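Notes follow once the structure below has been shown.
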Amino acid sequence: MPTSISADAPLGGSETVLTEGWELLLTRPGLVDVPERLPESGFVPALVPGTVASALRALGRSPLDSPQDFDAQDAWYRCRLDRPPVTEGTRLRLCFDGLASLADVFLNGVRILASDSMFVRHAVDVTDRLGASNELAIRFRALGPELKLKKPRPRWRTKLVEQQQLRFFRTTLLGRTPGFCPPVAPVGPFRPVRLELSQRVFVRVQELRSRVDAGVGVVLTRARLQLSGGTRVASASLLVGGRAAPLSVSAGPGEEVDLEGELRVPDAPLWWPHTHGESPLLDAEYIVHLTGGEVVRHPLGRIGFRMITLDTGLGGFALRVNDAPVFCRGACWTPLDVLSLSGSPSEYRQALELARDAGMNMVRVGGTMLYEDDAFHDACDELGILVWQDFMFANMDYPTADEAFMASVRLEAGEVLRRLQRRPSTAVFCGNSEVEQQAAMLGLPREVWTNELFSALLPEMVRSACPGVPFLPSSPSGGALPFQVNTGVSHYYGVGAYQRSFDDARRANVRFAAECLAFANVPEAATLDKILPEGAPPVHHPAWKVRVPRDRGAGWDFDDVRDHYLERIFGISARDLRYGDHERYLELSRVTSGEAMHRTFSEWRRPGSTCQGGLVWFLRDFWPGAGWG
């Protein structure tokens, strides 16, 4: 198989995002293995970037209303691709920024890429493969049959998912977690497919990060340039905020050269979360002088300067930014669109502006979700919102003895760290969500709670790529047991699922709640009209209940939790209110969620409180209804 390389951008070149002319065909697993055996009929228009679910929605067949198992079918995408006008020495690469989840890519019937991770980007040189007119086809193999293959058993089972073998596959748990997410497993090219063109040089940025050294901003960078057509580099420099510094240029393998160096910015403007100050960013770019006098420029995005430290003394978990204590308040992030898994830059900015205007200064991208788009991180940088970033692992016993699995994780983590290391909003890296807690709650010994992945590989990679950014092996963790809320990081649901009194928020002595306060929040009337048949009563109708989150296997749901606190706050029977005054029941239910959150955060923000942060579970619902958002 051809070797794929990490996808970056051409230096002084151009790119075309392939969005037009895509078609989709669903088949039985294994029915068609190569493009030439595909039938001519049966294809439907497809959105790319997107998923099978978003394609069906565009055709008026909403998977939210009529769920189907997308893991049970093969999905074929194809489009026509013309070769762009090129000159001698031009190089062409096909780039795939996200393929969910088991994918084979064919160009003119020849397989050019096999991918088994939706979290790794790929780029394939196709300079010598493109004719005047070409067919690009991608087969997304059904995950369901793969999950049935015999593999080593885990040391424990989790109720989070039905299929334990998901632990072997690098894909999101979204759509595969009964109880809180619509059953719409993402399958397809959910991130852009691009054709990159360069006359001379491709750049692969290997490092771009900043630090603050005694008031001086320092930017460090390394990159490898792939040259073609006899191109030679005379010199190169790094430009940040109008200041330039020379980069060393050394020979790499073949026709490649390496760039390395640093730039110092005296009196660098400090980046702050918006609750504490301004969030200035500086443009960064490479300037490369080629032999013959030509100068090409390569934008690197924007960079900021800040210091983040973590105080874990006396069992606490307290972040400081630029040596100032920060109470982290916010919510756990969910994708803007659970069907397509994507959004436009303006949609990301609008959602995060709402969070900022609500007083939030942190969002958590949890391990049950997916790594977010660059537009998400751009907006967090610009708006002064800190990001708690989980790696995409949750609740399961991952197969660290599987060499192929671990190699895939190294690629995934390396790419994530390179993407986020320049971003001042990146505040915490966390190895997983609830792996330690899951094992501990099953009564397993401490040595089973973690593994090489979270105790060695990921922390070492974070220390190397993002020194100064705190790493937490698992959320929750700390104390004699991971779920001990008065030490380290907790997932606090004392007020909430456990239906404890409001003063529990004080008595529990919470130090930092990376999740908390999940309630089935009643939406406004306009949303109710969208999800319920005309005249149907909310709360009782099946269309309402199917969208109320619940813990898998529990005999209650989060409507029941909200009703408990409605009765506690207002001294009224929730059952009688639903029966006798339905509209008043809905209004008081809306007030109940807000009042419960207000009382809890008031306890955590009071003088003398040990709590240094709370992130509500979730910021937004996956679909309209009384969800956690």
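Start counting the sequence shown at 7; every next residue gets the next number (the numbering used here).
Idealized CB from N, CA, C, for every residue including glycine.
From a predicted model like this one, the values you see are computed outputs, not experimental measurements.
Exercise. Go through the region 456 to 518 residue by residue and report every complete run of the alpha helix (DSSP H) that reaches 4 residues or more, in order.
Key: 464 to 471, 510 to 513
Quiz item: Apart from the five residues on each side of it in sequence, which residues of its chain come closer than 8 Å, Cβ to Cβ, to Pro73?
Solution: Pro188, Pro189, Val190
Quiz prompt | Alpha-carbon to alpha-carbon, Glu409 and Thr598 | solution = 50 Å
Practice problem: Tell me whether Trp562 is buried or exposed, calling it buried when 16 or more other Cβ atoms sit within 10 Å of its Cβ. | Solution: exposed
Practice problem: Would you mind sorting Phe628 into buried or exposed? The rule is 16 or more other CB atoms within 10 Å of its CB. | Solution: buried
Quiz item: Identify the residues that DSSP records as bridge partners of Met368: which are they?
Solution: Gly336, Leu392
Quiz item: From Val622 to Leu487, what distance separates their C-alpha atoms?
Solution: 22 Å
Quiz item: Which word fits Gln356, buried or exposed, when buried means at least 16 other C-beta atoms lie within 10 angstroms of its C-beta?
Solution: exposed
Quiz prompt | Euclidean distance between Cα positions of Thr57 and Val116 | solution = 23 Å
Quiz item: In terms of alpha-carbon separation, which member of Trp339, Thr340, Pro341, Ala324 lies closest to Phe333?
Solution: Ala324
Quiz item: Hey, Pro286 and Pro275 are a contact pair by Cβ (cut 8 Å); roughly how many whole angstroms apart?
Solution: 4 Å
Exercise. Might you give, ordered along the chain, the residues of its own chain that have their beta carbon closer than 8 Å to the beta carbon of Leu400, omitting 5 neighbours on each side?
Key: The sequence as given places Ala at residue 400; Leu does not occur at that position. Once the five neighbours on either side are set aside, the close Cβ partners of Ala400 are Leu166, Leu179, Gly372, Gly373, Thr374, Asn438, Ser439, Glu440, Val441.
Quiz item: Which residues in the same chain as Glu353 place their Cβ atom closer than 8 Å to its Cβ, once the five residues preceding and following it in sequence are excluded?
Solution: Leu342
Quiz prompt | Short Cβ contact (8 Å threshold) for Ala251 with Leu269 | solution = yes
Quiz item: What is the DSSP secondary structure of Asp110, counted as helix, strand or coil?
Solution: strand
Self-check item: Residue environment, Glu521, which counts as buried when at least 16 other CB atoms sit within 10 Å
Solution: buried
Practice problem: Indicate whether Leu196 and Ser431 have their beta-carbon atoms separated by less than 8 Å. | Solution: Sequence inspection shows Phe at residue 196; the Leu mentioned does not correspond to that position. No, these two residues do not count as a Cβ contact at 8 Å.
Quiz item: Looking at the unbroken alpha helix (DSSP H) that takes in Arg590, where does it start and where does it end?
Solution: 588 to 611
Quiz item: Is the beta carbon of Cys101 sitting closer than 8 Å to the one on Arg200?
Solution: yes
Quiz item: Who does Trp82 pair with in a DSSP beta bridge?
Solution: Leu31, Arg145
Exercise. For Leu119, count neighbouring C-beta atoms within 10 Å of its own C-beta (all shown protein chains included) and say buried if the count is 16 or more, exposed if not.
Key: buried
Quiz item: Looking only at C-alpha atoms, which of Arg84, Arg335, Leu459, Leu417 sits nearest to Val54?
Solution: Arg84
Self-check item: Where Gly56 falls: helix, strand or coil (DSSP)
Solution: coil
Quiz item: Quick one: Cα of Gly577 to Cα of Leu594, how far?
Solution: 11 Å
Quiz item: Given that a residue counts as buried once 16 or more other Cβ atoms are within 10 Å of its Cβ, and exposed if not, what is Asp565?
Solution: buried
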